[in-house]
Ligand SMILES: Nc1ncnc2c1ncn2[C@@H]1O[C@H](COP(=O)(O)OP(=O)(O)OP(=O)(O)O)[C@@H](O)[C@H]1O
Ligand SMILES: Nc1ncnc2c1ncn2[C@@H]1O[C@H](COP(=O)(O)OP(=O)(O)OP(=O)(O)O)[C@@H](O)[C@H]1O
Ligand SMILES: [Mg+2]
Ligand SMILES: [Mg+2]
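Protein chains in written order, with our numbering: chain A, 46 to 376; chain B, 874 to 1211; chain C, 874 to 1211; chain D, 5 to 266; chain E, 5 to 266.
Here it is in structure tokens:
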């Protein structure tokens, strides 16, 4: 047991908060011993409250799973490597981060999704950038050249008629320094994901120009659940149990954002304000967690759009791609 | 050392004896000044209101005031315990400088907010991290130390053997040297995917990464050490009937040890730098991990705290290494300094 | 070297003279075998269908076949140009091994798909990267080289001066040594925010990062070099009326140069490792940048290609450094090997 | 010859034959000839002293005999077998002491026995030999704590402690004062007479050569060639005022270019 | 006294006084007394030879006089001023040549002039001095390409090329053959007579001391104390068979424990 994986220091406002008096709690005892599962995630992403809810509120247990959370920092494609090499059984990550590497052919299948939202494009409030079109000829700071933020807003720019390769320039800066790079004049706007973008705009000096909850994207998934290919082949029920637990947990989070945020709090580093977590939990669309054909369709749409901005190879067929990477474990 | 001792010898040639004067007065003045600086720091921390919200200012102020008072007293009463005062004397300039630096730091961050936030947290924000987050930090230290030591020992051992073999066998060199030239300079991150596959667990992969980074400088320097042994030593040993093994173990290796230690020193430093990479792989605690995790939230106070611990740890290990060297190589003057 | 040359001397003590026999036959056989391996590799690449889709198999097969044929011919006709054959002889074992390795690599990846994809791309996937993506790669090489050289030179210069000063002045050591102990082992990533603020542009911050990484080993080893100079040299120079400057520039520094070069070598290696970090800051091209980008896309062929270029570049720079050293230190046997 | 020599291997001493040996070094790209067709044979049990001007090639010749380097031309043989490498039966006292700085005096002296795995068997000889060179009180001292003459005596002890067939001495007593030198000379001669090994001694002291050797070879300037080969068949202990030796001395001084009155 | 000495600073030579000097080293934690209340004065322009057993403390005494180390007790003074550091007016030829391996022979010899900024002014003396020691053909050679005796001659040249007031020689000719040695002895004496510096010479060769010095000091075993202080007021050039010198020699041999018949 480690301090990181288990909340040992309950935060003051929740002292004595019943950990298991939940929707799932009573139904917990599924027959037989719990199956041990290693679940990889990036604990720095507060949009993954679904995962902590599933663990702390007993959704995993309810589905017969004993889940160990393993934190992977750094760029999230290492999660794919972990899954593909069998070092973890399942993992959560952002669709726009994973799809491109998955085009290369990892032995990883998508089984579910958890929520939408969490990518934002910000510009200084004082600047005259008011919408995406104003970005023409500007420099946008991103945390790396494959970041979901970069991928997503490249699509958005393309859709408003700007060429993401010619009309704007993306420049890479270390995530926490994105805002500084704009303030120092090395870029005009920045695109990244929560929590950093959320924190950047908190003091009002930066304004949100666009996000992935705008317009048609309001009903698009952000984070998806992948499992190792061999789990689908050898132990499909477990894969299904993981998917179910997380979907139920997301639904729970959508209805109880305060409690969901509280489950996540111990995983955040140092000084994270609970109010912020709650705001984020409310902001991210945890009610949106499609599966089956819906999810497959959304994945295909992403693939289509990534092709549009020449991130995907022209030869990739979006429908076939979605078919290949999605495994329907729930029906 | 030599140059410095030459300097010292000529400087100390004509010591002023007699009155308890200059020397002693400077000593006392320095201690008192250092004490005053720390008390001033405590005062600033306590009574100048913060421009933002950071915890543990109170505790810091108390500790600083206590320390300052102790220094102050030591300056006043130094005469009572000359040997202690003599010892303290070596530190007082630094203590004074540190006190002033802390005041500056405090003023430019928490008080005047001249330095941009949250990148430059004030001192009491760090204190807060140490006080409030110490279980996590402690766990990280233990985990990192374990990983580091396992990797370092494995890498140092392998590097030593490779280095000796390179200096020893032409055939080994023929096959290994080109590979080493290609592999040696590769950044550790390149090994992540391969390490993932080649090793049963991500922990062993992490150990491999650290070992590799340690092993390269150890191998290169052991090799050079063996290769640059004064050939007169070999001549002597060979005419006395030394076997190949004797030449290696009783001539080449002892003569190369100073180089080997340089390699170990370099390897230790380098391996700390990859700790961050190695701890990206599914570990549950560790300083590198903590560092990255803190950075993801722009929790800079936590990050600096972890960094401080990390560099103290590395410095401590290097000190240990140098102690070991001084013991083994007592026959020679220190080669590499620390 | 010494140990090896001892070995060589005794091995070559009784050379077999007379017939063009054993020696020559082995030489020819090795070249022919190596040629055959490469031709086989070409055959496998060309005629055994791929299990997946990778480009440039055709071109690779042609190049390999051509190279194999040349080797084959060299083996058969080696007698015509003995000096050339002699030279080739040094490489044939490696060429044979490489040929066999390529066959194995090709078979286990593209053909039998034994190694998991996409982690282990087949050789022609790498060829594809070089052929199709060379403009980007080339741009990256130029950018990285520029950044690396600027940083390295700045860091090496600063490190050298600090190292000499540490070996020279007790006061400098008092103030700088503790700081160096704390700062030296810090991972470069820790410097990102500070460098970002302290420097006017992100490019200069990147240079600073590389310089810092280079400078630390250079400083430590220069310092040790200066400190470990045989004190008899100082005695001689001092009795001949050497000033302090003379002792430093004409005794300490020349005597310390072998150490300084070890430091430069270490610094060069270390600075390549931080290229990835340094190129996170606002650069538009660079090998580290390319590497990260390829890794994010799981474009492993691109990643390995960039890595290969990077380690060739580093190895090349180290070779240059060692040439320079051999020139400057012709009076001594090579200390560190490369 | 060879097989015979091997049959009686336990008989001490060895016959060293230097046959038409020439040697060259490389100096600034130009060849520097150092030995010029040197030929002589040191018979089993002989004590041969080599005299010659500074820099003529004496140390180089000793290195060839020790097997540390092959001659550019010619053959060096031990009991008829070509020497192609060093062997513990041929022990050298080098011109510089080259003690191992990481070993104390005793361990430096123990080097040969340790290398040949005889430490247990003959370890007692170490202290004996240290006493012989007058350094029993410095057994634990490190080389850098010795005076020049003491270091040289340690190097001598390191060689003497072995049981060589050939002892090669390159100015082994150059840094010693007359008294110590005299006693060392006596000890070496006693040891040689007792053990019966063959000895090659380079020295600059003509008297030393005459007092110790059975034969003195005088070399010319660089490139060294043999100028004279003088047998000294006098019984031991010899006396420096012996008229025969005085005569020989005058002869050698002449050969070295010093007028007889010196 | 001091001020006077400074007034006539351009007059060559210096008066060295060693007053009640004792010195100790640390060996294995225990103190090793090396010099025991040694007192003597070398007058301006005197040539003092020091004789004594190996390891008695001669080199140590020379280091104290050179100002490389302070004595544990007592005072060493030059013209009445306490010596507290090395000075180019006191040049040393060390027992080991310690040439700088990264400089060729010529540049090693140039060291002193370079250090004192006199290279341009007196650079011509370098080649002159190299010729004096017979190494004009090796000016470009690196130290590791020299024989033992040649290296020693380079070290000697490195000292002689300067214009010292005091020349300290620690067995400077130990590795030379008789002929070279004889000519070097002559050269040193000539130089000394011409330039008028004060000289301190450690040697193991009693004849050398008698031929060169105006005064011979004989030391006891370690810890060294002065056993005898013998003036040799003979004109130069001296001859080894001079009955006075033969008498002195006998006397010194006796002091060193060698019977007179040696
Ligand atoms: N490694 C080397 N490279 C070039 N020249 C060398 C080398 N070693 C020796 N020599 C040269 O060879 C010559 C003979 O050297 P050697 O050491 O044999 O002389 P030596 O007779 O022992 O002299 P000494 O009595 O002064 O020791 C010298 O002129 C020396 O310069
Ligand atoms: N650095 C040192 N540490 C300990 N002991 C030392 C050191 N240097 C010299 N000694 C000791 O001091 C004594 C005198 O040494 P010194 O070199 O003065 O002798 P010396 O008279 O010059 O002898 P030699 O004629 O053999 O050169 C020796 O016993 C030696 O062991
Ligand atoms: Mg010699
Ligand atoms: Mg001495």
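Just so it is clear, CB atoms sit at the ideal spot from N, CA and C, and this is done for glycine as well. Being a predicted model, the structure only gives us computed values, none of them experimental.
Check distances from the C-beta atoms of the segment 80-97 of chain E to those of chain C and list, in chain order, the residues that come in under 9 Å.
89, 90, 91, 92, 93, 94, 95 and 96
Using 7 Å as the limit for Cβ to Cβ distance, is residue 1194 (chain B) near chain D?
If you number the second chain from 1, residue 1194 (chain B) lands on position 321. Chain D, which has no Cβ nearer than 7 Å to the Cβ of residue 1194 (chain B), makes this no.
Please classify residue 1093 (chain B) as buried or exposed, where buried requires at least 16 neighbouring CB atoms within 10 angstroms.
Along the second chain, read from residue 1 onward, the residue named residue 1093 (chain B) stands at position 220. So residue 1093 (chain B) ends up on the buried side.
Nearest to residue 1115 (chain B) by CA position, among D:119, D:66 and D:234, is which residue?
Indexing the second chain from 1 puts residue 1115 (chain B) at position 242. Out of D:119, D:66 and D:234, D:119 has the C-alpha closest to the C-alpha of residue 1115 (chain B).
Are the C-beta of residue 168 (chain D) and some C-beta of chain B separated by less than 7 Å?
On the fourth chain, position 164 is the one that residue 168 (chain D) refers to. Chain B, which has no Cβ nearer than 7 Å to the Cβ of residue 168 (chain D), makes this no.
Please tell me whether, using a cut-off of 6 Å, the distance from the CB of residue 58 (chain D) to the nearest non-hydrogen atom of ligand 1 is below it.
Working through the fourth chain from its first residue, we reach residue 58 (chain D) at position 54. True, at least one ligand heavy atom lies under 6 Å from that Cβ.
Would you say residue 152 (chain E) touches ligand 3, meaning its beta carbon is less than 6 Å from a heavy atom?
On the fifth chain, residue 152 (chain E) is found 148 positions in, with the first residue counted as 1. At least one heavy atom of ligand 3 is nearer than 6 Å to the Cβ of residue 152 (chain E), so yes.
If the criterion is Cβ atoms closer than 7 Å, does the pair residue 228 (chain E) and residue 39 (chain E) meet it?
Position 224 of the fifth chain, counted from the first residue, corresponds to residue 228 (chain E). Position 35 of the fifth chain, counted from the first residue, corresponds to residue 39 (chain E). Yes, Cβ-Cβ distance for residue 228 (chain E) and residue 39 (chain E) is below 7 Å.
If the cut is a Cβ gap below 9 Å, which residues of chain A does residue 1066 (chain C) touch?
Here residue 1066 (chain C) refers to the residue found at position 193 when the third chain is read from its first residue. Within chain A, the residues near residue 1066 (chain C) are 219, 221, 222 and 225.
For the segment 1155-1182 of chain C, list every residue whose C-beta sits within 8 Å of some C-beta in chain A, in sequence order.
1155, 1156, 1157, 1162, 1165, 1166, 1168, 1169, 1170, 1171, 1172 and 1173
Proximity to residue 1054 (chain C) [Cα-Cα], best of B:1029, B:1200, B:1108 and B:1187:
In the third chain, residue 1054 (chain C) corresponds to position 181, counting from 1. If we check each option's Cα against that of residue 1054 (chain C), B:1187 comes out closest.
Following the continuous alpha helix (DSSP H) through residue 208 (chain D), name the residue where it begins and the one where it ends.
As a working mapping, residue 208 (chain D) is identified with position 204 in the fourth chain. Taken as a continuous stretch (DSSP letters only), residue 208 (chain D) belongs to no alpha helix (DSSP H), as it is neither H nor E.
Contacts around residue 345 (chain A), its chain only, beta-carbon distance under 6 Å, and the 5 residues preceding and following it disregarded:
By 1-based counting over the first chain, the position of residue 345 (chain A) is 300. Around residue 345 (chain A): 363, 364 and 367.
For a cutoff of 7 Å on Cβ pairs, would you count residue 1070 (chain B) as touching chain A?
Translated into positions along the second chain, residue 1070 (chain B) becomes position 197. It does; some Cβ of chain A falls within 7 Å.
Leaving out the 5 sequence neighbours to the left and right, which residues in its chain are closer than 7 Å to residue 298 (chain A) when beta-carbon positions are compared?
Here residue 298 (chain A) refers to the residue found at position 253 when the first chain is read from its first residue. So the list reads 94, 95, 98, 305, 326 and 331, once near-sequence residues are dropped.
Just the Cα atoms here: how many angstroms apart are residue 1122 (chain C) and residue 1041 (chain C)?
The count along the third chain starts at 1 and reaches residue 1122 (chain C) at position 249. The count along the third chain starts at 1 and reaches residue 1041 (chain C) at position 168. If you take the alpha carbons of residue 1122 (chain C) and residue 1041 (chain C), they lie about 11 Å apart.
Environment of residue 1196 (chain C) [buried if 16+ CB atoms lie within 10 Å]:
Taking the first residue of the third chain as 1, we reach residue 1196 (chain C) at position 323. Result: exposed.
CA nearest to the CA of residue 260 (chain E), picked from E:240, E:233, E:22 and E:95:
In the fifth chain, the residue the question calls residue 260 (chain E) occupies position 256. Nearest option by C-alpha distance: E:233.
Selection of the segment 54-68 of chain D by Cβ proximity to chain E, strictly under 9 Å
55, 56, 57, 58, 59, 60, 61, 62, 63 and 64
DSSP state of residue 141 (chain D) mapped onto helix, strand, coil:
Within the fourth chain, residue 141 (chain D) is the residue found at index 137, counting from 1. Three-state result, residue 141 (chain D): helix.
Rounded straight-line distance, which links the Cα of residue 967 (chain C) to that of residue 165 (chain E):
Indexing the fifth chain from 1 puts residue 165 (chain E) at position 161. Indexing the third chain from 1 puts residue 967 (chain C) at position 94. Approximately 57 Å between the Cα atoms of the pair.
Spatial neighbours of residue 188 (chain E) in its chain, beta-carbon cut-off 6 Å, leaving aside the 5 residues before and after:
Locating residue 188 (chain E) in the fifth chain gives position 184, where the first residue counts as 1. The residues are 177.
Alpha carbon to alpha carbon, what distance is there between residue 186 (chain E) and residue 66 (chain E)?
What you label residue 66 (chain E) is simply residue 62 of the fifth chain in a count that begins at 1. What you label residue 186 (chain E) is simply residue 182 of the fifth chain in a count that begins at 1. Roughly 24 Å separates the two Cα atoms.
Cβ separation of residue 87 (chain E) and residue 61 (chain E), assumed to be a contact under 8 Å, to the nearest whole Å
Translated into positions along the fifth chain, residue 87 (chain E) becomes position 83. Translated into positions along the fifth chain, residue 61 (chain E) becomes position 57. Not really, about 17 Å apart at Cβ, beyond 8 Å.
Under 8 Å Cβ-Cβ, which residues of chain F neighbour residue 181 (chain E)?
Absent from the structure is chain F; the protein chains it does hold are A, B, C, D and E.
Contiguous alpha helix (DSSP H) assignments of at least 4 residues, all confined to the segment 20-97 of chain E:
62-70
Under 9 Å Cβ-Cβ, which residues of chain E neighbour residue 154 (chain D)?
Residue numbering aside, residue 154 (chain D) sits at position 150 when the fourth chain is read from its first letter. Per Cβ cutoff of 9 Å: 58 and 59.
C-beta contact flag for residue 1213 (chain C) and residue 239 (chain A) at 7 Å:
Any answer about residue 1213 (chain C) is impossible in this case: the structure gives chain C only from 874 up to 1211.
How about residue 99 (chain D): is its C-beta nearer than 7 Å to some C-beta of chain E?
Locating residue 99 (chain D) in the fourth chain gives position 95, counting from the first residue. Yes, residue 99 (chain D) lies at the interface with chain E (some Cβ there is under 7 Å from its Cβ).
Along the alpha helix (DSSP H) that carries residue 230 (chain D), what are the first and last residues, could you check?
For the purposes of this step, residue 230 (chain D) is taken as residue 226 along the fourth chain, with counting starting at 1. Run containing residue 230 (chain D): none in the alpha helix (DSSP H); it sits in the beta strand (DSSP E), 230-235.
Quick check on DSSP: helix, strand or coil for residue 1074 (chain B)?
Here the question's residue 1074 (chain B) lines up with position 201 in the second chain. Three-state result, residue 1074 (chain B): coil.
Start and end residues, alpha helix (DSSP H) containing residue 1017 (chain C):
Within the third chain, the letter at position 144 stands for residue 1017 (chain C). Unbroken alpha helix (DSSP H) run through residue 1017 (chain C): 996-1039.
Could you tell me whether any non-hydrogen atom of ligand 3 is closer than 6 Å to the CB of residue 21 (chain E)?
Looking up residue 21 (chain E) in the fifth chain gives position 17. It does not: the Cβ of residue 21 (chain E) is nowhere closer than 6 Å to a heavy atom of ligand 3.
Would you list the residues sitting across from residue 268 (chain A) in a DSSP beta bridge?
Mapped onto the first chain, residue 268 (chain A) falls at position 223. Bridge partners of residue 268 (chain A): A:139 and A:160.
Give me the chain E residues within the contact set of residue 1113 (chain C), using Cβ-Cβ distance strictly less than 9 Å, ordered along the chain.
Your numbering for residue 1113 (chain C) matches position 240 in the third chain. Correct list: 90, 92, 95, 96, 115, 116, 117, 118, 119, 120, 162, 163 and 166.
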